[in-house]
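Numbering (the working numbering), first residue to last: 4 to 647.
Idealized CB from N, CA, C, for every residue including glycine.
Pasting the structure below:
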């Protein structure tokens with residue numbers, strides 16, 4: 004598989020045609036986004052406000068700090084989510100798709116050949132690596148924080164928190180194979196009820212203590228820093244938990260479109276969240292000092308009257324379940340993109356919906372996440388301990404997105420420097436401060452996403468580099484296809500039928516074809532050398548899917564173009580390729596695949612240990628037969644050895 008670029012049409016990010024494959028009104032899409040996209044940031048009130056006061060660097064629970072923290076949450080949500088992601092980054096759609104990898108593909112298309120283009124690729128890959136740490140921590144902290152609400156209802160239920168959380172999480176991962184099409188229909192109503200509920204609770208407490216609205220003034224955040232200095236800076240490490248899930252808004256833009264996402268955020272989700280945070284602040288600042296410490300152990304659930312706390316726990320648990328589902332689905336989607344773009348080996352992928360192509364299931368990713376989440380719950384034991392690990396993954400990815408946004412404004416959008424520079428520096432300062440505030444948490448759990456990120460980054464870059472080296476080694480001995488076609492036409496017996504030889508590169512003769520002539524001494528009447536080429540854009544116009552070159556004497560060179568969000572179904576693609584000497588009859592067509600066995604060597608290229616890692620990844624990758632959806636009874640594999 005090689006990467007390339009072809010002319011194509013694409014769904015507009017502003018259009019009402021999403022990845023769901025059917026037209027919908029802007030309002031309908033906005034409602035759908037509430038159920039799928041905003042679960043992560045929507046469940047942050049369960050722990051963000053609490054952790055700012057009770058975390059590693061605890062704060063005094065008084066009006067100065069309550070008003071300061073609420074003000075910080077408001078302005079963080081305004082600057083990071085509303086301005087940086089929703090208003091600016093959502094303009095950076097790659098043919099309707101968002102997310103770090105889509106942004107990297109967009110930047111590569113414009114500056115990939117420049118001297119600093121490789122830096123943007125490495126930054127995007129590392130942000131993707133951090134995302135895997137995030138996708139492990141989010142289900143664990145979200146579900147745990149909700150189930151911990153049982154201890155507010157009855158303190159004697161504390162021993163049941165971890166077992167219940169583990170059962171819910173295991174069940175969540177086990178149902179992934181079935182897909183979310185039917186369950187997903189319930190997501191939006193549940194999340195709407197959840198957001199309305201937390202907003203209502205917030206309004207009740209704000210009405211009882213309206214002075215909390217003074218926290219809208221940024222002076223209270225400034226006063227917090229003037230008074231506490233270093234402690235206030237470190238508190239940012241917990242305040243940022245209120246904006247976790249920002250990247251998901253950008254990543255899921257392709258599903259719903261920019262307009263519906265903005266409508267959901269500004270018209271419903273953001274007001275509900277802010278009302279709840281202000282409500283938590285109003286409740287705490289209006290309480291007797293002797294009661295504040297007890298209430299601060301779980302301010303989210305203590306907002307509700309005692310009789311309503313158990314229903315609130317159940318509703319919050321359902322919301323965290325949905326938030327976790329969205330993150331897991333996001334991990335599948337990001338992995339699929341990374342495979343198509345050549346950063347991850349081919350993985351077995353199952354499509355769980357006949358109508359919605361975006362719904363996929365990757366067993367390896369699902370099982371790896373399940374094991375990691377279970378170990379996280381057992382190791383960290385509660386959501387407060389997990390919060391230390393959570394911040395590093397989130398702020399690291401946010402900071403990288405900011406750097407990429409700066410490159411975007413200068414190199415792609417061509418903003419005037421006097422406008423692009425201040426905007427970039429503002430967000431570098433803000434996101435850099437949040438990242439710096441989380442660095443002291445590394446010994447207390449922040450090491451986990453960093454370890455996951457380094458391992459994932461090493462694997463991703465090793466695979467990309469190894470593929471490049473392997474293609475270079477194979478091209479060194481490759482015979483031009485045009486010369487081969489002329490010389491081979493009379494050198495072997497021609498037999499009926501069609502032979503399709505899959506080639507990773509457009510130029511050169513596939514090793515499988517050479518081995519077939521060498522050992523079998525036959526050629527089919529029609530020989531097609533087929534390359535699947537992945538564009539750096541999400542979708543390819545179906546009219547530009549097929550490309551064919553007639554080499555004469557029954558030889559053809561064919562190319563199937565796919566976007567990095569599309570399924571590479573070769574038999575389906577061949578149905579529309581009728582110019583290669585006639586239609587393709589699968590019963591009379593054989594697919595010949597080259598399977599390389601890698602031999603690590605001392606040749607310049609990669610360190611020997613990385614070559615061994617690459618060889619291991621190559622051995623465990625899904626076969627081309629699975630990845631390209633080839634009929635199992637029509638495939639012949641011929642092996643060869645390659646040194647890199």
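Assigned with DSSP and collapsed to three states, residue 614 falls in helix. Residue state for residue 551 is assigned as strand, using DSSP reduced to three classes.
Counted as a single uninterrupted DSSP element, the alpha helix (DSSP H) harbouring residue 484 occupies residues 484-491.
The beta carbons of residue 179 and residue 430 sit no closer together than 8 Å. In the same chain as residue 364, and ignoring 5 residues on each side of it, the C-beta atoms closer than 6 Å to its own belong to 179, 180, 353, 355, in chain order.
Between residue 620 and residue 596, the gap from beta carbon to beta carbon reaches 8 Å or more. Residue pairing of residue 597 in beta bridges, as defined by DSSP: 641.
Per the C-alpha coordinates, the member of 599, 637, 631 positioned closest to residue 622 is 599. The three-state reading of DSSP puts residue 334 in helix, counting H, G and I together. Nearest in C-alpha terms to residue 197, of all of 100, 317, 101, 172, is 317. The beta-bridge partner set that DSSP reports for residue 506 consists of 534. Secondary structure of residue 179 (DSSP, three-state): helix. For the region 266-293, the continuous alpha helix (DSSP H) assignments of 4+ residues that do not extend past its boundaries occur at 273-288, in sequence order.
Assignment of residue 435 by DSSP, reduced to helix, strand and coil, places it in the helix class. Membership of residue 442 in any beta strand (DSSP E) is not indicated, and neither H nor E is assigned to it by DSSP. With a contact defined as Cβ atoms closer than 8 Å, residue 76 and residue 280 qualify at about 5 Å. Excluding five sequence positions before and after residue 591, the CB atoms of its chain that fall closer than 7 Å to its own CB belong to 500, 501, given in chain order.
According to the DSSP secondary-structure assignment, residue 522 is paired through a beta bridge with no residue. In this structure, DSSP gives residue 312 a helical state, which the three-state scheme calls helix. Excluding sequence positions up to five before and after residue 593, its CB lies within less than 8 Å of the CB of 500, 501, 502, 503, 527, 637, 638, 639, all in the same chain and listed in chain order. Relative to the Cα of residue 283, the nearest Cα in the group 74, 522, 505 belongs to 74.
For residue 97, DSSP records a beta bridge to 100. The Cβ atoms of residue 215 and residue 307 do not sit closer than 8 Å to each other.
Two segments are said to touch when three or more pairs of C-beta atoms, one from each, lie closer than 8 Å; by this definition the region 553-572 touches the region 529-544. Beta-bridge analysis with DSSP links residue 527 to 498. Remark: C-beta atoms of residue 515 and residue 133 do not approach each other more closely than 8 Å.
Shortest Cα-Cα distance from residue 350 to any of 219, 571, 554, 61 involves 571. Straight-line spacing of the CA atoms in residue 209 and residue 547 works out to 58 Å. For residue 561, DSSP records a beta bridge to 533, 551.
Relative to the Cα of residue 106, the nearest Cα in the group 433, 556, 405, 233 belongs to 405. Cβ-Cβ separation between residue 46 and residue 150: approximately 12 Å, too far for a contact (criterion under 8 Å). Residue 337 counts as buried, since at least 16 other C-beta atoms from the protein chains shown sit within 10 angstroms of its C-beta. For residue 630 against residue 343, the beta-carbon gap comes to about 10 Å, at or over 8 Å, which does not count as contact.
In the displayed model, residue 427 falls within a helix according to three-state DSSP. CA-to-CA, the gap between residue 174 and residue 193 works out to about 19 Å.
Leaving aside the five residues that flank residue 55 on each side, the residues in its chain whose CB is nearer than 6 Å to its CB run, in chain order, 72, 238, 241, 242.
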